[in-house]
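When we follow the numbering used here, the leftmost residue of the first sequence carries the number 10, and every step to the right adds one. Ideal Cβ placement from N, Cα and C applies to all residues, glycine included. As the structure is a prediction and not an experimental result, all values here were calculated from the model.
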Amino acid sequence: MNSNQLIYNTLSRKKEVFKPLHIPLVGLYVCGPTVYSDVHLGNCRTFISFDIVYRYLCYVGYKVRYVRNITDAGHLEGDRDEGEDKFAKKAKLELVEPMEIVQRYTLGFHSVMSHFNCMPPSIEPTATGHIVEQIEMTKKIIENGYAYEANGTIYFDVEKYAKEENYGVLTNRELDDLISNSRELHGQDEKKGRLDFALWIKAQPDHLMRWQSPWGEGFPGWHIECSAMSRKYLGDTFDIHGGGMDLAATHHTNEIAQSQACNHNTPANYWMHTNMLTVNGVRMSKSAGNGFLPEDLFTGNHPLLEKGYSPMTVRFFMMQTHYRSTLDFSNEALQASEKGFKRLMEAMKTLEKLNASEGKSTSNISELKQNCDAAMNDDFNTPIVIANLFEAVRIINSVNDGKEKISVEDIAVLKKLFNDYIVEVLGLLPEETSSAKNDSLDTIMKLIVDIRNNAKQNKDYTTSDKIRDELLKANIELKDSKDGTNWNFK
RNA sequence: GGUCCUGUGGCCGAGCGGUUAGGCAGAGGUCUGCAAAACCUUGUACAGCGGUUCAAAUCCGCUCGGGACCUCCA
């Protein structure tokens, strides 16, 4: 375990030394998806980013409890209290039960996460499974005087709270600015203040998802679930709370207010926010409609995509950018990553059969591992890690070409480096495009390669080239080397 | 309008006071029957204008671009 981990904290807007509350335990909460439609890539980027955080903290020896919720209740469609519940709306549209929608998209979400090789969180609580906790928290906030009831709906009193605490801590905003920038209250509005938000919402007669509460039948408000669930599983104050940047201004700001109002302490010490994903410079979002689905990306079945890219290529692509920078999707960039990733994985295979030489290595191998550690300690700088891995690739290939030397010990160091960083920390797996590669196919290919090599020896290049060209049409690539001919799927 | 982020070579993308980022593409070379792959060499980039400093892509100011949040979204 190291004590020089730096994490950029949105609260202070700078990198801070990470000091967990209860070493070696670490509590990590990440806002999960709302499961009323397919996850899109932006969501994936956030979850992949935190997958790295989780993996790395585990790698250095912390015992991490990673909680990521599933939002399957609440969330009004519009900003008006009489808006429809997202699940109910979609359900009516498709004539199915709300929980059927929830189930379908939860399964889809899990499937995508596993394609991207994201580790499942330690706990994945659902909002509907924690109605009691949300009601309890709401009650406590009312008791403490920071919320009021209006016609069966409970509102959080932001202006009262702001007199005692800094409501805009996360995004560094003044209350007056926030107020003047918010919408004016409508005449019939029940809210006292413009910034007040609902903790509990009274269900209209036709509302499908509803629960009994001290204030009548209703459903939880927009932000309370994360406060209630993080508190339940990680405690009143825990280490890291993460999510997409778009959540900071509203969702996380309100979470902090709720927790303060309930427990009188800040919920999390470190707030981490991942940046947005853009397509041709524009933010990919559900409402903008410019988001292709992970599935589209894998198949290439989308007007914006020239071809499909494998999940691991996409994961690698995302890691070449720091999580706090925006990441722009383009075919060019994706194709560059595809080639780079392939080269990295080829080197990993080469490493397995690399021959050690007498004496010392010609390159400094142990330095690479130190560089990778330092990069990850510096706010999870995966691009730097990858740059160092490519230095290792260069060395491996040079040794393989007989242009550099490597000791037995250093081969072991490199193998460990690759396993630790590529597989464990970055979560990159060799893609078995060659999963189709099986024994009988291997035998067939060996035969074909033998025939071609015979032809080559007889200088019958017409035949040998024909074999190579035709195989290439079938996406099988032959490469001649000193040690014989290798083949792989393109 | 308010709060904040950002502008790096053909493209993507690190760095954020002095030292080679890296990937992809390009050029030259080695290898090869030819390819492919691999390796070696190579490009002398930091929006513009000022300022601070022995030293600035990196700090400060201004100008001009981009973007996010302030409304559901990761």
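With the rule of 3 Cβ pairs closer than 8 Å, the segment 280-288 counts as touching the segment 46-60.
Just so you know, the alpha carbons of L456 and D489 end up roughly 15 Å apart. Here T55 is not near G309, since their CB atoms are 8 Å or more apart.
As DSSP reads the structure, T135 sits in a beta bridge with I79. Out of D478, H331, A396 and L243, the CA that lies nearest to the CA of Y38 is found in L243. Taking 8 Å as the cut-off, the beta carbon of P29 is found closer than this to the beta carbon of Y71. Rounded to the nearest whole angstrom, the C-alpha separation of S120 and A464 is 47 Å.
If one requires a minimum length of 4 residues, the alpha helix (DSSP H) runs lying completely within the segment 224-312 are 233-243, 262-272 and 303-308, in chain order. R333 sits in coil when the DSSP states are folded into three classes, being neither helix nor strand.
A direct Cα-Cα distance of roughly 13 Å separates N274 from V178. For F27, no beta strand (DSSP E) run applies, since DSSP gives it neither H nor E. In this structure, the CA atom of K99 is about 27 Å from the CA atom of P129.
Contact check between the segment 224-242 and the segment 195-215: three or more CB pairs, one atom from each, fall below 8 Å, which counts as touching.
Taking C-alpha positions only, N175 is separated from F118 by approximately 36 Å. Residues E234, A237, M238 and K241 of the same chain have their beta carbon placed closer than 8 Å to that of H139, with the five preceding and five following residues left out of the count. At least 8 Å separates the beta-carbon of T115 from that of I57. Around the Cβ of G368, a 10 Å sphere holds fewer than 16 other Cβ atoms; the residue is exposed. Rounded to the nearest whole angstrom, the CA to CA distance from T19 to Y332 is 13 Å.
Under the three-state reduction of DSSP output, I415 falls in the coil class, being neither helix nor strand. Between D94 and M293, the C-beta gap is not smaller than 8 Å, which leaves the two residues out of contact. Excluding sequence positions up to five before and after E400, its CB lies within less than 7 Å of the CB of L377, all in the same chain and listed in chain order. Counting only residues of its own chain and dropping the five nearest sequence neighbours on each side, E413 has a CB closer than 8 Å to the CB of S370, T371, S372, I404 and S407. Apart from the 5 residues on each side of it in sequence, T262 sits with its Cβ closer than 6 Å to the Cβ of L179 in its chain, given in chain order. Straight through space, the alpha carbons of V111 and P223 are spaced by roughly 26 Å. Cβ neighbours of R64 within its own chain (closer than 7 Å, five residues either side excluded): M128, E433, V434 and G436. For I57, the enclosing alpha helix (DSSP H) starts and ends at L50 to Y68.
By the C-beta density criterion, R477 is buried, having at least 16 other C-beta atoms within 10 angstroms.
C-alpha of N380 to C-alpha of N397: approximately 7 Å in a straight line.
Per DSSP, T147 lies in no beta strand (DSSP E) segment; the continuous alpha helix (DSSP H) that holds it begins and ends at I140 to E152. From the listed residues N409, E486, D388 and T391, the smallest Cα separation to T359 is found for N409. In terms of CA proximity to E145, N272 leads the group F427, T246, I415 and N272.
Under DSSP, Y470 forms no beta bridge with any residue.
The three-state reading of DSSP puts R74 in strand, counting E and B together. When DSSP states are grouped into helix, strand and coil, E367 belongs to the coil group.
By the neighbour-count criterion, in which 16 or more other beta carbons inside 10 Å mark a residue as buried, A82 falls on the buried side.
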